[in-house]
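Read in order, the letters of the sequence shown are residues 0 to 306 in numbering that gives the first Met the number 0.
Here the structure is laid out as structure tokens; the discussion comes afterwards.
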Amino acid sequence: MRLIPIRILFHRYILSVMACLLFVAGFLLWHQLSALLIKQDIPVSNADLLSITVLIATIVLLMLATVVILVQRYLLHRVHLLLEYVRGQQQGIVSRPPPALLKNHDDIALLTDEIHSLLETLKKNNETLREQSLIDPLTGLGNRRLLEQRLNMALPMTRRRMAPLSILMIDVDHFKAYNDHYGHPAGDTCLVEIANILRDTFRRETDILIRLGGEEFLVVLLDSDEGPALALAEAMRSMLQAVGLPHASSPSDSVVTVSIGVATAKPGTRIDAESLIACADAALYQCKAQGRNRILGRTVEGDLLSR
């Protein structure tokens, strides 16, 4: 259904009212003037009476037209500005309201100020929701949605710049046994501690730290070849082991440890996010098969390096 703009509705309403008022005013003037002339015994023809009535009706019409122009200038114009302002905000044009809406301390100025405050609050809430939708609530690291968003930008840029890229797939060793032994609150505390160690290890602004879910983490290192990526992975593994979070139910060690699979795409390699993550996941699987608490690196071409 096609909506009629408020200005057109307002104009139609005013014109209808004006026509009615003009008809009523003309009829009343003609009736009263006729009665007055007859009462005063003033001889006057119907033509003269009609001319006088038309003159008075014209004056009334001009007065009504003046009122409409004033309403259009000082009221409807500001309403139209307010509508344009709200429409602009809906289209993402962030700005202050036009000064003409706020210069008079009237209801329209109050309404404009309220709408502006509501729009600002809505914008902040939307930004907060957008951030929350990209952040893991427990650890404060990014989540899968952030990973997809960043990789969709990083992979094409890396290929154009002929730069290497590495991904670290990190898994907490025997974490189910940890939860069963110490309880889920302690498990959450353990994951938060690991997230903090990740932040301490990977400090570059371009490093992307992700919690994939459960006890799995992922780190994306832009402009990082295999050697530096493996060195950082070993630093993170060693740092966690040095922290010494007790893990009495682990068959691998008496403290919490991690296994890390590293996948590296050489400069210019055409690779998508799924293949790169799958390569890191395959390296992680081999870490687990070899006894856990270790790192293992692969390039996307299939070359295998173990440490």
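The C-beta atom is built at its ideal place from N, Cα and C for all residues, glycine as well.
What you are looking at is a predicted structure, and each value in this text was computed from that prediction instead of being measured.
{"Asked": "How many Å lie between Arg1 and Val78 at the Cα?", "Found": "With a pLDDT of only 42 at Arg1, under 50, the local geometry of the prediction cannot be trusted, and the value read off the model is given with reservation. Answer to the nearest angstrom: the Cα atoms are 21 Å apart."}
{"Asked": "Smallest Cα separation from Thr298: which of Glu273, Arg269, Asp271 and Val261?", "Found": "Val261"}
{"Asked": "Going by C-alpha to C-alpha distance, which of Lys102, Glu147 and Leu190 sits closest to Leu332?", "Found": "There is no way to answer for residue 332, as the model of the chain reaches only from 0 to 306."}
{"Asked": "State the Cα-Cα distance for the pair Arg291 and Gly212, rounded to the nearest angstrom.", "Found": "19 Å"}
{"Asked": "Would you identify the three-state DSSP class for Ala262, choosing helix, strand or coil?", "Found": "strand"}
{"Asked": "Mark Leu154 as exposed unless 16 or more other C-beta atoms lie within 10 angstroms of its C-beta, in which case mark it buried.", "Found": "buried"}
{"Asked": "I need the DSSP call for Arg297, collapsed to helix, strand or coil.", "Found": "strand"}
{"Asked": "Measuring straight from C-alpha to C-alpha, what distance separates Asn142 and Asp224?", "Found": "24 Å"}
{"Asked": "Between the beta-carbon of Val232 and the beta-carbon of Ile294, is there less than 8 Å?", "Found": "One point to set straight first is that residue 232 is Ala, not Val, in the sequence displayed. Yes; because the gap between Cβ atoms is below 8 Å, this pair is in contact."}
{"Asked": "Is the region 99-106 touching the region 176-191 in the sense that three or more CB pairs, one from each, lie closer than 8 Å?", "Found": "no"}
{"Asked": "Let me confirm a value: Thr200 is counted as buried when at least 16 other C-beta atoms fall within 10 Å, else exposed. Which label applies?", "Found": "buried"}
{"Asked": "Classify Glu215 as helix, strand or coil using the three-state DSSP reduction.", "Found": "strand"}
{"Asked": "For Gly141, list the residues DSSP reports as bridge partners.", "Found": "Ile134 and Ile209"}
{"Asked": "Would you say Ile259 lies against chain B (beta-carbon separation less than 8 Å)?", "Found": "Within the model displayed, chain B is absent; a lone protein chain is all it includes."}
{"Asked": "Only counting the same chain, and skipping five residues up and downstream in sequence, which positions put a Cβ closer than 6 Å to that of Val219?", "Found": "Ile166 and Ile207"}
{"Asked": "Might you give, ordered along the chain, the residues of its own chain that have their beta carbon closer than 6 Å to the beta carbon of Gly296, omitting 5 neighbours on each side?", "Found": "Glu225, Leu229, Val261 and Leu304"}
{"Asked": "On the CB-based measure, 16 or more other CB atoms within 10 Å of its CB, does Ile5 come out buried or exposed?", "Found": "Residue confidence for Ile5 is low, a pLDDT of 47 falling below 50, so the modelled location carries little weight and cannot support an answer."}
{"Asked": "With 16 as the cutoff for other CB atoms within 10 Å, does His183 come out buried or exposed?", "Found": "exposed"}
{"Asked": "What whole-angstrom Cβ distance do His173 and Ser94 have, given they're in contact under 8 Å?", "Found": "Between Ser94 and His173 the Cβ distance is about 56 Å, and since that is not below 8 Å, they are no contact."}
{"Asked": "What did DSSP end up calling Met235 once you bin it into helix, strand or coil?", "Found": "helix"}
{"Asked": "By DSSP, does Asp112 sit in helix, in strand, or in coil?", "Found": "helix"}
{"Asked": "What does Leu220 pair with, by DSSP beta-bridge criteria?", "Found": "Ser165"}
{"Asked": "Alpha carbon to alpha carbon, how far is Cys278 from Leu217?", "Found": "13 Å"}
{"Asked": "Should Asp170 and Leu283 be called a contact, given that it needs their Cβ atoms to be closer than 8 Å?", "Found": "yes"}
{"Asked": "Taking just the CA atoms, how far does Lys102 sit from Thr205?", "Found": "47 Å"}
{"Asked": "Find the nearest neighbour of Cys286 within the set Asn195, Ser274 and Met168, judged by alpha-carbon distance.", "Found": "Met168"}
{"Asked": "In the DSSP output, what is Val257 paired with across the bridge?", "Found": "Val171"}
{"Asked": "Could you spell out where the alpha helix (DSSP H) holding Lys287 opens and where it closes?", "Found": "Ala272 to Ala288"}
{"Asked": "List the endpoints of the continuous alpha helix (DSSP H) containing Pro184.", "Found": "His183 to Thr200"}
{"Asked": "So what's Pro245 in DSSP terms, helix, strand or just coil?", "Found": "strand"}
{"Asked": "Taking Cβ positions, are Pro97 and Leu80 nearer each other than 8 Å?", "Found": "yes"}
{"Asked": "From Ile193 to Val85, what does the alpha carbon distance come to, in whole angstroms?", "Found": "46 Å"}
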